[in-house]
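If you read the sequences in order, they're chains Y and A.
Taking the working numbering, the leading residue of the first sequence gets 37, the next gets one more, and so forth.
Taking the working numbering, the leading residue of the second sequence gets 5, the next gets one more, and so forth.
Glycine included, C-beta positions come from ideal geometry on N, C-alpha and C.
Take a look at the structure set out below.
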Amino acid sequence: MRAFEYTSPKTVSEAADLLAEKGDLARVLAGGTDLIVQVREGKRHLERIVDIKDIPEANVLSYDPQAGLHLGSAVPCYKIYGDKAISAAFPALADSTHIIGGTAIQGRAAVGGNLCNASPAADTIPALIVLEATCIIAGTNGTREIPVEQFCTAPGITVLQNGEFLESLKVPAPKSNSSSFYLRFIPRNEMDIAVVGAGASVVLDDAKESIVSARIALAAVAPTPLFAEEASVLLAGRAASDESAIEEAAEAAKTIARPISDMRGSAEQRVHLVGVLTKRALNGAIQRVKES
Amino acid sequence: MADKVHVKTVINGEAVEFLCEPRDSLLEVLRDNLMLTGAKEGCNNGNCGACSVILNGRLVNSCLVLGAEIEGKEVETVEGLAEPNKLHPIQDAFLENAALQCGVCTPGFLMAAKALLNENPNPTEHDVRFWLAGNLCRCTGYDKIVRAVLDAAETMSTEVNA
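Rendered as structure tokens:
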């Protein structure tokens, strides 16, 4: 690995200053499972690494049934699926954190890091999108907030500006009669990168029979993870058992997919998978509401 | 070149201090600075698990941790597994089940198995296979490894209950 300086600031403002000073030559370290590999393989040239794991705001993990989830950007995956209350409230987040890499990766890799790495195939991003997460971005001039679906702008690129970093994520408390689901297609059983990923969240009425609202998000079918807004909206008011409604949403989701063909799958296969996985994610979320 | 970092840590229960470059991985520090060569370099990118160690109670790939990051933390490596003159029950189970061939993956599997049994003393075969998915054995001796871990779990829970 090329030489760099290692820093471990204790405060948000110290971290922002350390980042601002070096611009593109500085990068935040959380779990390191992407960053260290990128530096080692020469894909990133850094003069400074800013380890944020000593910053209290980046380590927050608190859930309250009214206030929702506050998730520090450096919190590793295992803490999320290992927390029963958080897994029950945000099943899509538990689904996705449980399938990123193997046990040793989940012991280090952070949801915030998965987001900032901005891979089109990132598993946690569709989950965060369907759960309506907000990014809290810290910088040298204080913090700003944006919806998670606007965070990634291109493969590996985010809205973060010089001197800014992702401090934490806020996820609103789940509504009554709601649930969520994330799944991906991979040719292996685990330890793989999504060929396509799909997340869904649904809110049902009190009788758990019709859909009040839904959100669908997709991974690995565009330069960034996508919020399938039109496909989501058309489900409002439809019966939860109406397979034709689910089918329509899946077809609508397919129309926004603009995948590439690569070693993991062809564009044609990926568009087909969007349909299959969208239906499974929606039905999975509906099933979870009914079982709750 | 960046200044060396002075790190104070605990490895296998002993206080250790070392100097390393900021870019040195924990794996490089263990092997090259501290001569703890049990953890192996396989892929060096987090896929193979040959470098698995336990950091503050969690299984990690030591190739994906910087040496500088372990200041004030606790690391367990395969060297700390056996007591003097007595192998750990997981090591015994690996021998009894012939769960190693070339042996390169073994230290990683042993540490991964220890982390599993710390958290889940009575795993099912599915639990074991899911947990160990990040440890690759290129001799492909997985069945014996899984059997060894299940045997170790049984031995260890019997010892606890005895």
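Check the Cβ-Cβ distances between residue i and every residue of chain A, and say whether any is below 8 Å.
| i | result |
| --- | --- |
| residue 140(Y) | yes |
| residue 235(Y) | no |
| residue 50(Y) | no |
| residue 269(Y) | no |
| residue 40(Y) | yes |
| residue 299(Y) | no |
| residue 291(Y) | no |
| residue 144(Y) | yes |
| residue 80(Y) | no |
| residue 218(Y) | no |
| residue 57(Y) | no |
| residue 87(Y) | yes |
| residue 63(Y) | no |
If we count the other Cβ atoms within 10 Å of its Cβ and call it buried at 16 or more, is residue i buried or exposed?
| i | result |
| --- | --- |
| residue 32(A) | buried |
| residue 99(A) | exposed |
| residue 143(A) | exposed |
| residue 181(Y) | exposed |
| residue 102(A) | exposed |
| residue 95(A) | buried |
| residue 199(Y) | buried |
| residue 145(A) | buried |
| residue 39(A) | exposed |
| residue 112(Y) | buried |
| residue 73(A) | buried |
| residue 223(Y) | exposed |
| residue 299(Y) | exposed |
| residue 81(A) | buried |
| residue 95(Y) | buried |
| residue 78(Y) | exposed |
| residue 139(A) | buried |
Looking at the ligand ADP, does it come within less than 7 Å of residue i, judged from the CB to the closest heavy atom?
| i | result |
| --- | --- |
| residue 12(A) | As for the ligand ADP, it is missing from this structure, which has no ligand bound. |
Tell me the rounded alpha-carbon separation between residue i and residue j.
| i | j | result |
| --- | --- | --- |
| residue 107(A) | residue 68(Y) | 27 Å |
| residue 239(Y) | residue 302(Y) | 33 Å |
| residue 136(A) | residue 178(Y) | 43 Å |
| residue 48(A) | residue 38(Y) | 15 Å |
| residue 57(A) | residue 79(A) | 7 Å |
| residue 125(A) | residue 64(A) | 19 Å |
| residue 13(A) | residue 70(A) | 13 Å |
| residue 147(Y) | residue 227(Y) | 17 Å |
| residue 105(Y) | residue 133(Y) | 15 Å |
| residue 86(Y) | residue 105(A) | 41 Å |
| residue 23(A) | residue 166(Y) | 46 Å |
| residue 52(A) | residue 236(Y) | 32 Å |
| residue 285(Y) | residue 308(Y) | 13 Å |
| residue 133(A) | residue 246(Y) | 39 Å |
| residue 122(Y) | residue 62(A) | 20 Å |
| residue 324(Y) | residue 170(Y) | 24 Å |
Let me check understanding here. Comparing Cα to Cα, which of the options lies closest to residue i?
| i | options | result |
| --- | --- | --- |
| residue 121(A) | 72(A), 159(A), 41(A) | 159(A) |
| residue 80(Y) | 117(Y), 181(Y), 221(Y), 193(Y) | 193(Y) |
| residue 25(A) | 125(A), 82(A), 9(A) | 9(A) |
| residue 157(A) | 147(A), 129(A), 141(A) | 129(A) |
| residue 159(Y) | 91(Y), 253(Y), 82(Y) | 253(Y) |
| residue 18(A) | 111(A), 76(A), 90(A) | 76(A) |
| residue 75(Y) | 88(Y), 42(Y), 309(Y) | 42(Y) |
| residue 87(A) | 16(A), 62(A), 161(A) | 16(A) |
| residue 60(Y) | 70(Y), 82(Y), 71(Y) | 82(Y) |
| residue 250(Y) | 187(Y), 320(Y), 260(Y) | 320(Y) |
| residue 248(Y) | 230(Y), 273(Y), 267(Y), 231(Y) | 273(Y) |
| residue 296(Y) | 169(Y), 45(Y), 257(Y) | 257(Y) |
| residue 190(Y) | 183(Y), 215(Y), 157(Y) | 157(Y) |
| residue 54(A) | 83(A), 45(A), 84(A), 21(A) | 45(A) |
| residue 97(Y) | 84(Y), 58(Y), 77(Y), 118(Y) | 118(Y) |
| residue 148(A) | 92(A), 85(A), 29(A), 113(A) | 113(A) |
| residue 90(Y) | 52(Y), 44(Y), 185(Y), 212(Y) | 44(Y) |
Against chain Y, does residue i count as a neighbour if the rule is that its beta carbon must be under 8 Å from one of theirs?
| i | result |
| --- | --- |
| residue 84(A) | no |
| residue 46(A) | no |
| residue 151(A) | no |
| residue 101(A) | no |
| residue 56(A) | yes |
| residue 21(A) | no |
When the distance is taken between beta carbons, is residue j closer than 8 Å to residue i?
| i | j | result |
| --- | --- | --- |
| residue 281(Y) | residue 322(Y) | no |
| residue 203(Y) | residue 48(Y) | yes |
| residue 162(Y) | residue 217(Y) | no |
| residue 232(Y) | residue 306(Y) | yes |
| residue 234(Y) | residue 201(Y) | no |
| residue 255(Y) | residue 261(Y) | yes |
| residue 50(A) | residue 88(Y) | no |
| residue 66(A) | residue 97(A) | no |
| residue 136(Y) | residue 150(Y) | yes |
| residue 139(Y) | residue 116(A) | yes |
Under 7 Å, CB to CB, which of the residues in the segment 124-137 of chain Y have a partner in chain D? Considering every chain present, this structure includes no chain D. Its protein chains are Y and A.
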